[in-house]
Each structure stands twice: as C-alpha cells, then as structure tokens.
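In what follows, a single structure is set out as structure tokens and then discussed.
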Amino acid sequence: MLQGENAAELDFNAVQRGDAEMEQKMNRVIRACNEMGGRTLIEVIHDQGAGGPANVLKELVEHSGGRIEIRKIRVGDPTMSVLEIYVAEYQERNGLLIKPENIQQFLAICEREKVACEVLGEVTGDLRFVVSDEQDGSTPVDVELKEVLGHIPQKTFEDQRIPVGANLVFALPGSGQQGANTRFAPTSLRDHLRNVLRLVSVGSKRFLTNKVDRSVTGLIARQQCCGPLQLTVGDVAVVAQSHFGLTGIATAIGEQPIKMLINPAAGARMAVGEAWTNLVWAKIDDPEQVKCSANWMWAPKLAGEGAAMNDAARAMRDAMIATGMAVDGGKDSLSMATKVGAETVKSPRELVISAYAAMSDIRKAVTPDIKEPGSALLLIDLAPGKARLGGSALAQTLGSLGDESPDMDDSVLLRQAFAAVQELIDRDLILAGHDRSDGGLITTVLEMAFAGNCGVEIEVQGEAVPTLFAEELGLVIECRQEQLEQIRHRLAVAEVSCEVLGTTTAEKRIRIRCNDTLVLNEDMRVLRQEWEETSYQLERLQVNPACADQEKTNVFDRAAPAYHLPFSPQSSPKALLTAERKPKVAILRDEGSNSDREMSSAFYAAGFEPWDITMTDLLAGRVTLDGFRGIAAVGGFSYADVPDSAKGWAATILFNERLRAMFDEFLNRPDTFTLGICNGCQLFGLLGWVPWRGLAAEKQPRFVHNTSGRFESRWTTVRVTDSPAMMLRGMSGLVFGIHVAHGEGLLHFPDAAVRAEVISQKLVPLVYADDSGAATEAYPFNPNGSPDGFAGLCSPDGRHLALMPHPERAFLPWQCHWLPREMQEMEVSPWLRMFQNAYEWCAK
Numbered sequence: 001m002l003q004g005e006n007a008a009e010l011d012f013n014a015v016q017r018g019d020a021e022m023e024q025k026m027n028r029v030i031r032a033c034n035e036m037g038g039r040t041l042i043e044v045i046h047d048q049g050a051g052g053p054a055n056v057l058k059e060l061v062e063h064s065g066g067r068i069e070i071r072k073i074r075v076g077d078p079t080m081s082v083l084e085i086y087v088a089e090y091q092e093r094n095g096l097l098i099k100p101e102n103i104q105q106f107l108a109i110c111e112r113e114k115v116a117c118e119v120l121g122e123v124t125g126d127l128r129f130v131v132s133d134e135q136d137g138s139t140p141v142d143v144e145l146k147e148v149l150g151h152i153p154q155k156t157f158e159d160q161r162i163p164v165g166a167n168l169v170f171a172l173p174g175s176g177q178q179g180a181n182t183r184f185a186p187t188s189l190r191d192h193l194r195n196v197l198r199l200v201s202v203g204s205k206r207f208l209t210n211k212v213d214r215s216v217t218g219l220i221a222r223q224q225c226c227g228p229l230q231l232t233v234g235d236v237a238v239v240a241q242s243h244f245g246l247t248g249i250a251t252a253i254g255e256q257p258i259k260m261l262i263n264p265a266a267g268a269r270m271a272v273g274e275a276w277t278n279l280v281w282a283k284i285d286d287p288e289q290v291k292c293s294a295n296w297m298w299a300p301k302l303a304g305e306g307a308a309m310n311d312a313a314r315a316m317r318d319a320m321i322a323t324g325m326a327v328d329g330g331k332d333s334l335s336m337a338t339k340v341g342a343e344t345v346k347s348p349r350e351l352v353i354s355a356y357a358a359m360s361d362i363r364k365a366v367t368p369d370i371k372e373p374g375s376a377l378l379l380i381d382l383a384p385g386k387a388r389l390g391g392s393a394l395a396q397t398l399g400s401l402g403d404e405s406p407d408m409d410d411s412v413l414l415r416q417a418f419a420a421v422q423e424l425i426d427r428d429l430i431l432a433g434h435d436r437s438d439g440g441l442i443t444t445v446l447e448m449a450f451a452g453n454c455g456v457e458i459e460v461q462g463e464a465v466p467t468l469f470a471e472e473l474g475l476v477i478e479c480r481q482e483q484l485e486q487i488r489h490r491l492a493v494a495e496v497s498c499e500v501l502g503t504t505t506a507e508k509r510i511r512i513r514c515n516d517t518l519v520l521n522e523d524m525r526v527l528r529q530e531w532e533e534t535s536y537q538l539e540r541l542q543v544n545p546a547c548a549d550q551e552k553t554n555v556f557d558r559a560a561p562a563y564h565l566p567f568s569p570q571s572s573p574k575a576l577l578t579a580e581r582k583p584k585v586a587i588l589r590d591e592g593s594n595s596d597r598e599m600s601s602a603f604y605a606a607g608f609e610p611w612d613i614t615m616t617d618l619l620a621g622r623v624t625l626d627g628f629r630g631i632a633a634v635g636g637f638s639y640a641d642v643p644d645s646a647k648g649w650a651a652t653i654l655f656n657e658r659l660r661a662m663f664d665e666f667l668n669r670p671d672t673f674t675l676g677i678c679n680g681c682q683l684f685g686l687l688g689w690v691p692w693r694g695l696a697a698e699k700q701p702r703f704v705h706n707t708s709g710r711f712e713s714r715w716t717t718v719r720v721t722d723s724p725a726m727m728l729r730g731m732s733g734l735v736f737g738i739h740v741a742h743g744e745g746l747l748h749f750p751d752a753a754v755r756a757e758v759i760s761q762k763l764v765p766l767v768y769a770d771d772s773g774a775a776t777e778a779y780p781f782n783p784n785g786s787p788d789g790f791a792g793l794c795s796p797d798g799r800h801l802a803l804m805p806h807p808e809r810a811f812l813p814w815q816c817h818w819l820p821r822e823m824q825e826m827e828v829s830p831w832l833r834m835f836q837n838a839y840e841w842c843a844k
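Heads up: the sequence shown begins at 1 in UniProt numbering, then just goes up one per residue.
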C-alpha cells in the first residue's frame, strides 16, 4: 500500500511529529548519568522507534525475559486501548534497565529535569515477555522471546532491472556525447551557467542556514557558512569535544540521487567518493578509522526499484572496502512513494553517506573561501580524462538526465589524493579548498570566489561544456605562488597529478578561458547574485519580504567586516584557574534552556566556580542564591517559547513569593552582578532588572519578535559602546564578530521617554554594526530590527547586563565563524574580557 491509497486521516495520523524540547530534557537525564563515569545508573539503554514499546521493551530483555504493567505507561488519553499504547511510535522516549537500588537516584535526576519516568516492570530471567493489564486483570501478551526475536527466516524478493527511458537520455550541445534525444538546441555557456547557478541543489542555501541555530553549545568550530560574508559553501563540519582542548570530530556528507537514476551503482560509489572529498578538508587522525551512517530513502517495492537498490548497496559496500570507510549505523525510509490521483509519485533514489572521524586539532581545517589575491588555483582530477555529464546539474536544467553518469573509477587514486591533501593541510600549505561536485568545476571555482569576495582567472583545455560542468570527483586547492612547486612535488611523490587552473585576483571579475578562447568574462557579484537568486525567492516566502529584499540589496557588494581591537586579549593566569577559592556564579537555566554549558565554560575560563542551577533546584529548596556573587541566565527556548520568549520563565519567579523574595534579596546585595544572554536577556527585561528597577509594566522595555518574522542565526558584527556596564569595562570601541541566535530580539520601547533616558544614561552597551563598524538598523547586519542597532541594556550602576548576542559562544578564536588572518593567532577572543572583568570586580 502506498501513501495516498489509505484514508487521508490515517495517513496524516501516521506522521511522527517530534517534540524537540521533550527530547532535549530526556537527553539531559542520559548525559547526567553518563557523566557519572563508572557509577552510571544505566545498565542498558535503547531508544524507542518503530514498533513503539512493543519493540523497544522486548529488545531490552532479549537475553533474559521480562514483565511489564502496560497501564504504568503515562498516556494523555485514558481511553487508549492496550494495543494503541503498546505500539505508539513517539520517539522522545528511551527504554532503560536500571538496578532497583539506583531507581530513586535516577528518578531524582528526572525530577530535576522535568522528565516523566515510569517504572514499568522487571527482568525475570525466564526468556518470556509478559504484558499485564491491571485495569481488567488480563495478560494481553505472553510470548517466548525466541519466537519473536530469534532467527527470522530470510525472504526472497524478485525484481528486474528496468533501463532508463529513452526520452530521458539526450546528447548535450557541444558535448560530443551521443544520445537518443537531441531536441535541445545549443545555447551559450553563459546561459547554461545562469540556469545551473539557480538550481536549488547548486545555489546558495542561505534560506536554510539562517533559520537554525548553528552556534549552540559553543563547540562548533566549522559549519555550513564560510568566509567574511558567511556564504553557504562549507564542505566539512567540525565539532570540538570540549571548550578546554583541541580534539574534536569532523563530519561530511556525500549523496548523488540524480546520478542514481541513470546508474544506481555508480551513484552509490559517487556518494562514497563525495563524502571523502568533503571530509578531506579537515585533518583527521586516521583515514582507516573513518566511519559513517548510511541513510537510504527509496521505494524498493515498485518495479525495478528493488533491483536498483540492491545494485547500489553492493556498490556502496565495495567502494567502502576499497577506500577504507565503514558503516556503523544508519536508517532507512523504504516507503518513498505516494499515490496522487491515478499517478504514482516516487522519490529519487537517495543514499546519504554521513562520514565522521576524530581530529587531534580542530583548527586544522580548510574552508573554500579564497584567502589571498594573486594565489594559485590547482585542480586534482580524480577522474583523469573523463567529463561525463549524466545526472549533472546542467542536465537537470535541460529537463533530462544525460546518458552516462560519472563514477568513482579509481579508488586507489582517491585514497592517495586524500592522504596527500591531508599532509598539505597539516603543513599549512593550503589556503582554501573545495570539492568538485554539484555544478561541476565552474561552480567549484565560482563558489570559492563568491565566498572569498574576489575574482579569478583560470584556463582549461578541452570542450568547454563538459570540462566545466561535468561533476566528476575532484579537488581544487588555493595556495601561495611561492609554495606552488613544493605542493606539486609532494603530490607527485604521492603519485597524484595536478594542473594549475589559474590565479585569484582582487578585482571582482571572473575570467575563464578554454583552449585560449575567452568563454566567460563576468562581474563576480552578478554571478553571485544569480547563485543567491533561488534562495532569495525562497526567503521571500518564509520571512518578511521587505527583509529579504533588503538583504539582497545589502549583500550585493559587501566588503569584509572591519574588526577593531582596542586592547590585546589575554588568557587568564593559570594560578587563577587553579585557585582553591573562587567566586561562585549560578548558571541559571529552566526547562528548554540550551546554552548553559558554554556559559559555564566562559566563566570558568575567567576564574569563576560555575554552578549548574535549575529552576527546579530553587523551587524545591535544594539550593538558594546565598553565597553566589553572580547569576548568569542562559539562552535557549524556555518552555519552547510557547508563551513568548522567557514569559514562562519569568512567571516562575514573579508568581512564587519565596522565589521572588530570594531574587530581590540577591539583587539588593551590592556585591552581586547578573548577566542575561538571549533568553536570559529577555527574562531580565520581563523581570524589570534592566534598564532600571521600578518601571511600570506598561513602560518596561522588552524584546519582541524580529522584524524578519523568524528565528535568526548569524555571525554578525557588533560594537561595544561607552556605558557603565561592569562586564564591558575597558572594551569600549571594540568592533568584533559575535553569534546571534534568536527569534525575539527586537528591543521595543513602549515609552519614548524611557528610551530617551536610556540613551541619555548610556545604558545601551552593545550595538549591531555594519561592515564599517557603524551602528545600523539595516538587515541582515541588524538581525532583528532593533532601533539604532540596540543589542542589549545595562543598569545605571553597571551591575546588571542583558545582551541578545552570545559572547559565551565566542570566547575562543576557533569558536568564531570568521576572523581576518591577522587575528587568527589570538590565544583567546576579546569576548573573554567580559568574564575576566566580572572576576576582577568580584575580587575587589
């Protein structure tokens, strides 16, 4: 049965809808147990998925047997039948085995994190699985586990390969390829390029990246956006394991669904190859230890699709054996077809390879943005002499597939090139690098120029269309001219050939010659705008169209942000970090908060003793604010922002007399300070702690929905102003990048007189800045539309500070998503000074 053939309400009800906040709270419980080391309370854990409790609970006791009481499972609807409870597939749930003596401690952790936990039954050791129903005394399930989890007979599936329809095959104009359909008239290379750049798989992904938090945890060293303009051209993601070390994990993706329509085996090999050519830009510890998740999205029950999937799976296996990658997990979605009227609509054949590997130094990663004018561009061709156009972006723009797909023809060459490039990265010989993939070589080079905000002059040999648009495996490297011969020598020693494509230029112009003939001479900014066009049109559908229009205009001819450091950032003395007595700061969080770890690390790096304090700790009386010198209210989405940002959090304090008195007493102590970031900043506004206490509710400034109408995640520029803010003392005039991640950051003044007084008393310590460092209201430099670029507030005495941006996610250089080259050797970022100022204030 296909989706669409069932009753509409049944299809709709089958859709799983995730609850991110519930899952985050559950993960906090598991992490708390993991961090107990050898004393962890959990013996066995299994996440719930397909089959619901019926599956996960049986698998937990597969080798022993167990008994559960079905009615102990908490339900929202008491009329649910046993069957409905037993097979419900909601995924924010884990099944656990915990020793009886550890149950109470585990339940206490759950209570602290507001996580529901039901003790359902026990392990029996009789190799049976029994479900009882206390409501009627029945036993709905009583089975021998070997009967349901033992050896399951293999099934035999019969299918046949179905060749691609002749109407989908064609010969590309000027390509020299022969195909069954030549109905497409030749057009200019410039027209081909325009169409390819506007294809959603090739063009900018700005419409995706700006609406999700790409800096949360403060552990993100590399993500999708690169370069001074933060364009979406990244190949590899890098995540640190800690704020206090340099080890981490690199991860990269490979997928080729369109090529699989022509040749599923070649498409699978290309997906593996693309994962390698994306991962190569981060220096990993051991290529032999690269693991991956393989996710399949297919419709194998349809004619020909099962055979195609079998071919792809076997090809993937062989390619991984040949290159040294191993699958250690994955997921399949094998019902990827639906019925619409009389038509059966199936998804493209999709295999996503998500490769990952350990890194000893997360700083050893190369991004695609060109770094210097006058440098050399080199091509490492991993399919020498091949320029197959089947399944390419160009073919797709022409409404067909092409007749021959690229393939990973030489796995040995791929491995040699990977090792050679890794060595070059380790020796700091590569300035920038990018893989040849969607859109072909021309897109690879253009994206490097787009992100580097510069031009290039390159020359290629052969037929222009296939040479420039074929999506064969390959790598493009930027290096300094004086190191060119050294790089070529090292590649030659590794038996990897390369060719010099050309040079980078400060002039924002793209010149491409083919066989000594100029085939493209265009303004880089015009091409970049074409690359951004589809994303821009999609943005207009999901944000305030005026903001999308403003961004399109403002980014057309951007310059790199002009950072300014009025002081030299220094790390905290080691003696201070190892001192026995330290000032205590309460890292305050509530249900849905997510920025506590990075906040704790920033304060720790300045010499504080940070304490993880939840609102449930305060409500239960497990701890008070006595003895703390500071409160840091963290970012996130308290109560999922359902009652507007921070309103639920604020209500917990305002409408509990004991808590309200506790916080008032803390604020009235002259030796205390507070810091509110993002959600914490919104909290302080609602509590009336900034700009000063005592304002009537109808006059109190507060933070409301962004002008864009959506959550904004950006690496943006801010300027520190002259203000009484204690934590920003000595930082006035700093112009630097910072993370923003919020949906309600527009500072609203209901009363004009209050705004005037705030300005008069200089209580705006931070403003959003444009590329020149001037305060701005222009989008996207100002991500929320706050008047005059206001990014926060402080109290007249400087003790209380509320900021929407996230300095705690950028107190180390590697946390900064872009830095000019002259600042990349800093030991710490200037934002650490904030936390050091707080320590010095406490020490006095």
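In this text, a Cβ means the ideal position worked out from N, Cα and C, and glycines have one as well.
No experiment lies behind these values; they were computed from the predicted model shown.
Where residue i falls, given that 16 or more other Cβ within 10 Å makes a residue buried
i           : result
residue 24  : buried
residue 904 : Given a span of 1 to 844 for the chain in the structure shown, any question on residue 904 remains unanswerable.
residue 175 : Interpretation of residue 175 is limited by its pLDDT of 45, a score under 50 that renders its predicted location unreliable; the figure taken from the coordinates is listed afterwards. Under this definition residue 175 is a buried residue.
residue 28  : buried
residue 567 : exposed
residue 817 : buried
residue 80  : exposed
residue 515 : exposed
residue 445 : buried
residue 820 : exposed
residue 422 : buried
residue 63  : exposed
residue 702 : buried
residue 185 : Residue confidence for residue 185 is low, a pLDDT of 42 falling below 50, so the modelled location carries little weight; the figure read from the coordinates is stated next. Label assigned to residue 185: exposed.
Range covered by the beta strand (DSSP E) that runs through residue i
i           : result
residue 478 : 474-479
residue 601 : Here residue 601 belongs to no beta strand (DSSP E); instead the alpha helix (DSSP H) covers 596-605.
residue 818 : Element bounds for residue 818: n/a, residue is neither H nor E.
residue 94  : 94-98
residue 456 : 455-460
Bridge-paired residues (DSSP) for residue i
i           : result
residue 133 : 138
residue 714 : 740
residue 123 : 66
residue 523 : 509
residue 610 : 585
residue 296 : 332 and 351
residue 806 : 739
Beta-carbon proximity check, residue i vs residue j, cutoff 8 Å
i           : j           : result
residue 438 : residue 306 : no
residue 450 : residue 540 : no
residue 123 : residue 131 : no
residue 499 : residue 378 : yes
residue 675 : residue 720 : no
residue 738 : residue 810 : yes
residue 320 : residue 249 : no
residue 708 : residue 555 : no
residue 419 : residue 478 : no
residue 120 : residue 65  : no
residue 373 : residue 506 : yes
Start and end residues, alpha helix (DSSP H) containing residue i
i           : result
residue 240 : Premise fails: residue 240 lies in the beta strand (DSSP E), 237-240, not in any alpha helix (DSSP H).
residue 359 : First-last for residue 359: 350-359, but that is the beta strand (DSSP E), not the alpha helix (DSSP H).
residue 673 : That residue, residue 673, is in no alpha helix (DSSP H); its beta strand (DSSP E) goes 673-677.
residue 623 : First-last for residue 623: undefined, no H or E at that position.
Any chain D beta carbon closer than 8 Å to residue i
i           : result
residue 530 : No chain D is present in this structure, which holds just one protein chain.
Contact set for residue i: own chain, Cβ-Cβ below 7 Å, skip 5 residues either direction
i           : result
residue 613 : 586, 587, 588 and 623
residue 843 : none
residue 502 : 377, 456, 457, 458 and 459
Contact set for residue i: own chain, Cβ-Cβ below 6 Å, skip 5 residues either direction
i           : result
residue 835 : 602, 603 and 606
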